[in-house]
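Protein chains in written order, with the numbering used here: chain A, 1 to 301; chain B, 1001 to 1301; chain C, 2001 to 2301.
Every residue gets a Cβ at the ideal spot worked out from N, C-alpha and C, and that includes glycine.
Everything numeric in this text was worked out from a predicted model, so none of it was measured.
First the structure, in the form of structure tokens, and then the observations on it.
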Amino acid sequence: MALATGMRVSARALLRAWAWLPGAALGRTGPAAGCGGVRRFGNQRVLVEPDPAAGIAVMKFKNPPVNSLSLELLTELVISLEKLENDKTFRGVILTSDSPGVFSAGLDLREMCGRNPAHYAEYWKAVQELWLRLYLSNMVLIAAINGASPAGGCLISLSCDYRVLADNPRYAIGLNETLLGIVAPFWFKDTLVNTIGHRAAERALQLGLLFPPAEALQVGIVDKVVPEDQVQSTALSVMGKWLAIPDHARQLTKNMMRKPTVDRLVKQRDADIKNFVSFVSRDAIQKSLQIYLEKLKQRKG
Amino acid sequence: MALATGMRVSARALLRAWAWLPGAALGRTGPAAGCGGVRRFGNQRVLVEPDPAAGIAVMKFKNPPVNSLSLELLTELVISLEKLENDKTFRGVILTSDSPGVFSAGLDLREMCGRNPAHYAEYWKAVQELWLRLYLSNMVLIAAINGASPAGGCLISLSCDYRVLADNPRYAIGLNETLLGIVAPFWFKDTLVNTIGHRAAERALQLGLLFPPAEALQVGIVDKVVPEDQVQSTALSVMGKWLAIPDHARQLTKNMMRKPTVDRLVKQRDADIKNFVSFVSRDAIQKSLQIYLEKLKQRKG
Amino acid sequence: MALATGMRVSARALLRAWAWLPGAALGRTGPAAGCGGVRRFGNQRVLVEPDPAAGIAVMKFKNPPVNSLSLELLTELVISLEKLENDKTFRGVILTSDSPGVFSAGLDLREMCGRNPAHYAEYWKAVQELWLRLYLSNMVLIAAINGASPAGGCLISLSCDYRVLADNPRYAIGLNETLLGIVAPFWFKDTLVNTIGHRAAERALQLGLLFPPAEALQVGIVDKVVPEDQVQSTALSVMGKWLAIPDHARQLTKNMMRKPTVDRLVKQRDADIKNFVSFVSRDAIQKSLQIYLEKLKQRKG
């Protein structure tokens, strides 16, 4: 979402893209987080269920209705990750949604509309920060994708070490930025290329493809598709295999594979922020976003 | 075809490679272009059938018998592309052959034999120019591959956004340069690696593999294989999907994916030309090409 | 094995990894090399069976029980390769094991334990040297993998132009360094990425995956799986196809594909050696290796 456009983008096109998200159109609100006896920590928008004995934690996004990556959610995610990362007890984290149906709808358009440049810059820095922490985390990260996972939601999944997707045809995953008339930032692109290769990424990014489960598995954007009620247990069992590997060797190997990609952003982080700010500040983009958010509100109403 | 060899290459080996091309061996000449009421523009060797209402044009190679990329064909292709690119009416182009049976046989060996260095340099610059314009075209380019597509013909296909191949076992596609004792230029190689990955490209390039339809689809050098009479309609229907994406976002995304590859050639374009000129000027290569062209003439006669 | 760890590595983990190798646990010694009338040359640990008429040679590792890459074996391999490379008679080499059941167990841990830094440096330089010669060999190299092929054994296979694996579930192949608490050097990683792509390599390297034949074929770490008694004949028939290509064009193409990867090591060869020496010299690593080798001895006894 660094570079952008919107020239020929109609609000209808934007709406069509968004309509992929169940819950968004229906104005569904997330269920209250049922606790069921598990000791949880975290904060308002991120539930962390630790299992110190197993050395793992489950981290649940809880920003109803569609887990949009608001500045607050981003901040809480980064803090929760840092907390676990610094606690040697935890060697692995399962990322999932507290509201099955949507994993995360991605960037929160409200953070990009009607605010000032300083806010846009702060917001984009937080998006970068989350990716940097996820992609090079020393912990094993497994995405238990229990809902739709477009754009930023897909990026979070791609930044994990392994992706388990629920076999529900409505749970599509992909970087669909072009459908909204915008362009995925180069580091979103790099992360996708690393995962599915150059040609598949080129096609998926240009067409803004959202892959339903079977196609997602075939193209390699997820590693496993399982019945919806087995997403969590599968993630746990996969985690067991990853944790069987000596941590230090695994961490150094992960770093060797991913650091060059991370370095590309780190080297031009400020330029990337400026890019984003100048893009969202454009009148055309602001107008598009306003119209889009209006329509969304009406549909919910 | 930048670096080269020919040391151990017999004319027989060259002929064998060429024999993949139906029409070449049979001395078949292309049918006169039937017009059938469609308003066409273009020139002698490129037929352009515009459909302004749909925002697309069909561009047909017409350089019988095998659509060799002569200097004239290359020049006309570049001019036709530029014309469409500058006319905002056109958002997509379908590239195909006016002579079903051969999409394009690739470089025209007659441009590389018995001429002077200045000609070789002009010729190679034109080959580069076509690739540069195709690979970064702002328009959606779809290859409707209705015939054999070796070497330069394959490069044209690879430079499009999507490839539909007719399901005919004689319509093989690939960069088969080594079969003729020569080496694909690094940017042919880069384009192939971007499309099918490093390992498949390494094997295909070393062995000069020409993939028949089923294998072409499996290795990913084409995106779709359909019955011969559905190539055009499939290309049109695929084009519809690509044109549903906002142009500007799609163009920027394409640029992000492909520009680094293009930049590699742009940075050393002159050196690449010099390379080619010094290669084709070698006595051994000239002799090989002469023998080869002679044999070809005899077979046709 | 450049960077390393071992922090949480138990001798049991090391042993488990090693136990993948049949023969290692059983203390099986290689059969005496049966000659059967074929003129062989070579030396103690490498048998070379030349077929000058065909322009090829079969090179057999003979360092029982598991063809560990001892300094002597490495040296003899490099010398044998150089000899063939300099003799224009030979255009292709088939690499295989004289002791079916294990292709090669990889690095010889005894070279890395209880010696002085100068020895470690000499050893690592020899490992580098073998890879450099294999990966850019002008000859066609085909791996006839007739046994388990972990770590360094896998690297040798990956450095060939084509890999035929015997269909035996015990013959797993992969870079399993993390299982031993160590990290594959970056050029092992680069070679794997070139072969199976970024994502598959990332997963395989982190988990230290050893692929049994069907999975090995699917992920692309080998090119063909055949019944055990057809490995050699298949390698020969594949060799025929590769040798049908004009040598010089094929060599230049191979060089174009692989040289950038080789250059990365060449540019930092000394640093890579220093890295290795400082790693194996660590007390923790030495202790791990000692315990491991002790256990191995006991199991054999």
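Of the listed residues the options, nearest to residue i (C-alpha basis)
i	options	result
L1141/B	T1261/B, A1235/B, R1299/B	A1235/B
E1202/B	N2275/C, Q2230/C, N2255/C	N2255/C
S1278/B	A1054/B, L1207/B, P1117/B	P1117/B
L1265/B	F1211/B, A1053/B, E1129/B, L1217/B	E1129/B
L207/A	A1200/B, M1239/B, G1147/B	M1239/B
A2054/C	V2193/C, L2132/C, K2241/C	K2241/C
H271/A	L296/A, T195/A, V222/A, W187/A	The amino acid occupying residue 271/A in the given sequence is Ala; His does not appear at that position. Nearest of L296/A, T195/A, V222/A, W187/A to A271/A, Cα basis: W187/A.
L74/A	P169/A, R133/A, A200/A, E215/A	R133/A
C154/A	K60/A, G197/A, L209/A, E122/A	L209/A
S288/A	L84/A, L109/A, V193/A, V102/A	L109/A
P82/A	P65/A, V48/A, L107/A, M112/A	Rather than Pro, the amino acid found at residue 82/A in this sequence is Glu. The shortest Cα separation from E82/A among P65/A, V48/A, L107/A, M112/A belongs to V48/A.
R2170/C	M2139/C, S2159/C, A2216/C	A2216/C
T1096/B	C1113/B, D1263/B, E1085/B, L1077/B	L1077/B
S1080/B	K1224/B, L1175/B, P1050/B	P1050/B
R1045/B	N1063/B, V1058/B, I1156/B	N1063/B
N2138/C	V2093/C, P2052/C, N2176/C	V2093/C
G174/A	P212/A, Y135/A, S70/A	P212/A
A2184/C	M2059/C, P2100/C, G2106/C	G2106/C
D2161/C	R2091/C, P2052/C, R2269/C	R2091/C
N2275/C	G2152/C, A2214/C, Y2120/C, N2067/C	Y2120/C
E72/A	P100/A, E111/A, P65/A	E111/A
G1376/B	S1281/B, Y1292/B, L1192/B, Q1298/B	Any question about residue 1376/B goes unanswered here, given that chain B covers just 1001 to 1301.
G2152/C	A2166/C, S2233/C, S2068/C, G2220/C	S2068/C
D1098/B	A1214/B, P1227/B, Q1232/B	Q1232/B
S70/A	S237/A, S104/A, Y135/A, G220/A	S104/A
Boundaries of the alpha helix (DSSP H) in which residue i is found, first to last residue
i	result
M1256/B	1247 to 1267
K83/A	71 to 86
Beta strand (DSSP E) segment containing residue i, residue limits
i	result
F61/A	56 to 61
P2050/C	2046 to 2051
Residue i CB to nearest heavy atom of the ligand SAH below 7 Å
i	result
A2148/C	The ligand SAH is not among the ligands present in this structure, which contains no ligands whatsoever.
Would you call the region 240 to 250 of chain A and the region 2179 to 2195 of chain C touching, i.e. three or more CB-CB distances under 8 Å?
yes
Only counting runs of 3 or more residues, tell me where the beta strand (DSSP E) segments fall wholly within the region 2097 to 2171 of chain C, in order along the chain.
2140 to 2145, 2147 to 2150, 2162 to 2166
Along the region 1192 to 1210 of chain B, what residues have a CB closer than 9 Å to any CB found in chain A?
V1193, N1194, T1195, I1196, G1197
Within 7 Å of chain C by C-beta, residues of the region 260 to 275 of chain A in sequence order:
Of all residues in the region 260 to 275 of chain A, none is placed with a Cβ closer than 7 Å to any Cβ belonging to chain C.
Against chain B, which members of the region 2212 to 2235 of chain C pass a CB distance test of less than 7 Å?
Taking 7 Å as the Cβ-Cβ cut-off against chain B, the residues of the region 2212 to 2235 of chain C that qualify are G2220.
Given 8 Å as the limit, is there contact between the region 2119 to 2126 of chain C and the region 2141 to 2157 of chain C, that is, 3 or more CB pairs closer than that?
no
Contact residues within the region 2153 to 2172 of chain C, judged by C-beta distance below 8 Å to chain B:
D2161, Y2162
Name the residues in the region 71 to 91 of chain A whose C-beta lies less than 7 Å from a C-beta of chain B; which are they?
none
Identify every run of the beta strand (DSSP E) within the region 1175 to 1243 of chain B, keeping only runs that are complete inside it and at least 3 residues long; order them along the chain.
For the region 1175 to 1243 of chain B, the full-length beta strand (DSSP E) segments reaching 3 residues or more read 1224 to 1226 along the chain.
What residues in the region 1132 to 1145 of chain B have a beta carbon less than 9 Å from any beta carbon of chain A?
V1140
Residues within the region 236 to 249 of chain A neighbouring chain C, beta-carbon criterion of under 8 Å
Close to chain C, meaning a Cβ-Cβ distance shorter than 8 Å, are the following residues of the region 236 to 249 of chain A: K241, W242, I245, P246, D247, H248, A249.
Which residues of the region 282 to 299 of chain A have a Cβ closer than 8 Å to any Cβ of chain B? Give them in chain order.
none
For the region 91 to 109 of chain A, enumerate the residues whose C-beta is nearer than 9 Å to any C-beta of chain C, in chain order.
Only those residues of the region 91 to 109 of chain A whose C-beta falls short of 9 Å from the nearest C-beta of chain C would be listed, and there are none.
Using a Cβ cut-off of 8 Å, which residues of the region 2181 to 2192 of chain C contact any Cβ in chain A, in chain order?
Taking 8 Å as the Cβ-Cβ cut-off against chain A, the residues of the region 2181 to 2192 of chain C that qualify are G2181, I2182, V2183, A2184, F2186, K2189.
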